[in-house]
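In what follows, a single structure is set out as structure tokens and then discussed.
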Amino acid sequence: MKNIVVLVSGGGTNLQALIDAQHRGEIKAGKITCVISSNPNAYAITRAEQNGIDTEVIRRKDFKTFDEYDAALTQLLQSKNADVIVLAGFMTILGKQVIRAFENRIINIHPALIPSFCGEGYYGLRVHEEALKKGVKVTGATAHFVNEICDGGPIILQKAVEIKTGDTPEVLQKRVMEQAEWKILPKAVALFCEDKIKVSGNITEIIS
Ligand code: GAR
Numbered sequence: 147m148k149n150i151v152v153l154v155s156g157g158g159t160n161l162q163a164l165i166d167a168q169h170r171g172e173i174k175a176g177k178i179t180c181v182i183s184s185n186p187n188a189y190a191i192t193r194a195e196q197n198g199i200d201t202e203v204i205r206r207k208d209f210k211t212f213d214e215y216d217a218a219l220t221q222l223l224q225s226k227n228a229d230v231i232v233l234a235g236f237m238t239i240l241g242k243q244v245i246r247a248f249e250n251r252i253i254n255i256h257p258a259l260i261p262s263f264c265g266e267g268y269y270g271l272r273v274h275e276e277a278l279k280k281g282v283k284v285t286g287a288t289a290h291f292v293n294e295i296c297d298g299g300p301i302i303l304q305k306a307v308e309i310k311t312g313d314t315p316e317v318l319q320k321r322v323m324e325q326a327e328w329k330i331l332p333k334a335v336a337l338f339c340e341d342k343i344k345v346s347g348n349i350t351e352i353i354s
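In short: position in the sequence shown from 1, add 146, done, that's this note's numbering.
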């Protein structure tokens, strides 16, 4: 059984999707053992507590330098025996130490079809605002491994979502979450836990 540690910052609907998938028995070879938040007031913490999951808070601003924060987060994850780390709406950039310590073991959910609308500054609602501004007709979500390039790691799963006339960023965000993020993130985590994702360089292959 792999230990799944989920990193959050906000509402935690992706965390909820993972918890629900676990309850439905869809994550057969893993268990959510800890939720770590960058924000002590995140509703995601309440979701974890309601499900009896251990919680921790680590804030960038409590450390003098970014390197100290990076080292502390790495240590915290090691102390939790994390086998896989899931960034479920985690809004603090990860440092080199943690990324190297957990190479190809950190999974992020991004609310667009990478390589569109991604990279530094593209997070949360902003991603959907930019997609609407550009006028694309299809967007979606991407589950990918994290490497040192922002949103540049190996892609695991993607799902497309239609953009409709009159969409606002909020309406589009909700549709992308419901139709894509909440489906592909638990699926990617389940596949990882079953050792079904083979990574060669920047390319992944799902072993059936
Ligand atoms: C989600 O839409 C997630 O894809 C996005 O933040 C939201 C968090 O919602 N993440 C990013 O933009 C990361 N670049 P949640 O807290 O309800 O899961």
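Glycine residues also receive a C-beta, built at the ideal position from the N, C-alpha and C atoms.
| field | Length of the line joining the Cα atoms of G158 and G347 | value | Reading the sequence shown from its first residue, position 12 is the one you call residue 158. Reading the sequence shown from its first residue, position 201 is the one you call residue 347. Between G158 and G347, the C-alpha separation is close to 31 Å.
| query | At a cut-off of 7 Å, is T159 close to ligand 1 when judged by its beta-carbon and the heavy atoms of the ligand? | reply | For the purposes of this step, residue 159 is taken as residue 13 along the sequence shown, with counting starting at 1. Correct: T159 has its Cβ closer than 7 Å to ligand 1.
| field | Inter-residue Cα distance where the pair is L278 and A194 | value | What you label residue 278 is simply residue 132 of the sequence shown in a count that begins at 1. What you label residue 194 is simply residue 48 of the sequence shown in a count that begins at 1. Distance from the CA atom of L278 to the CA atom of A194, rounded to whole angstroms, is 33 Å.
| field | Distance cut-off 7 Å: Q138 Cβ against heavy atoms of ligand 1 | value | The structure shown has nothing for residue 138, since the chain only spans 147 to 354.
| field | Minimum length 4: unbroken alpha helix (DSSP H) runs contained in the region 193-263 | value | 212-225, 242-247
| message | Alpha carbons only, please: which of F209, V152, R170, L271 is nearest the one belonging to E316? | response | For the purposes of this step, residue 316 is identified with residue 170 of the sequence shown, where counting begins at 1. Distances from the alpha-carbon of E316 to those of F209, V152, R170, L271 put L271 closest.
| said: Once DSSP output is grouped into helix, strand and coil, what is the label at E172? | reply: The residue labelled residue 172 in the question sits at position 26 within the sequence shown. Looking at E172 - three-state DSSP - the assignment turns out to be coil, as it is neither helix nor strand.
| query | What is the DSSP secondary structure of K342, counted as helix, strand or coil? | reply | For the purposes of this step, residue 342 is taken as residue 196 along the sequence shown, with counting starting at 1. Three-state DSSP puts K342 in coil, outside helix and strand.
| Between K174 and A336, is the Cβ-Cβ spacing less than 8 Å? | Within the sequence shown, numbered from 1, the residue matching residue 174 stands at position 28. Within the sequence shown, numbered from 1, the residue matching residue 336 stands at position 190. Going by C-beta atoms, K174 is nearer than 8 Å to A336.
| Does the Cβ of H256 lie closer than 7 Å to at least one heavy atom of ligand 1? | On the sequence shown, residue 256 is found 110 positions in, with the first residue counted as 1. Within the cutoff, so yes.
| message | Does the contact criterion of 3 or more C-beta pairs under 8 Å hold for the region 229-244 versus the region 160-168? | response | yes
| request: Check the DSSP bridge columns for T288 and list the partner residues they point to. | output: As a first step, residue 288 must be located in the sequence shown, where it is residue number 142. H256, Q304.
| task | Determine the DSSP secondary structure at N187, reduced to helix, strand or coil. | result | For the purposes of this step, residue 187 is identified with residue 41 of the sequence shown, where counting begins at 1. In the structure shown, N187 sits in coil (DSSP, three-state: anything other than H, G, I, E or B).
| request: Assign N254 to one of two classes, buried (16 or more other C-beta atoms within 10 Å of its C-beta) or exposed (fewer than that). | output: On the sequence shown, position 108 is the one that residue 254 refers to. Buried is the call here.
| said: Shorter than 7 Å, the distance from the beta carbon of G267 to the closest heavy atom of ligand 1, or not? | reply: As a first step, residue 267 must be located in the sequence shown, where it is residue number 121. Answer for G267: no, Cβ out of range of ligand 1.
| request: Using only alpha-carbon positions, find the residue among G312, F248, D213, T288 that is nearest to P257. | output: Counted from its first residue, the sequence shown places residue 257 at position 111. The shortest C-alpha separation from P257 is found at T288.
| Expressed to the nearest angstrom, what Euclidean distance is found between the alpha-carbon atoms of E351 and G286? | Position 205 of the sequence shown, counting from 1, holds the residue named residue 351. Position 140 of the sequence shown, counting from 1, holds the residue named residue 286. Computed Cα separation, rounded: 20 Å.
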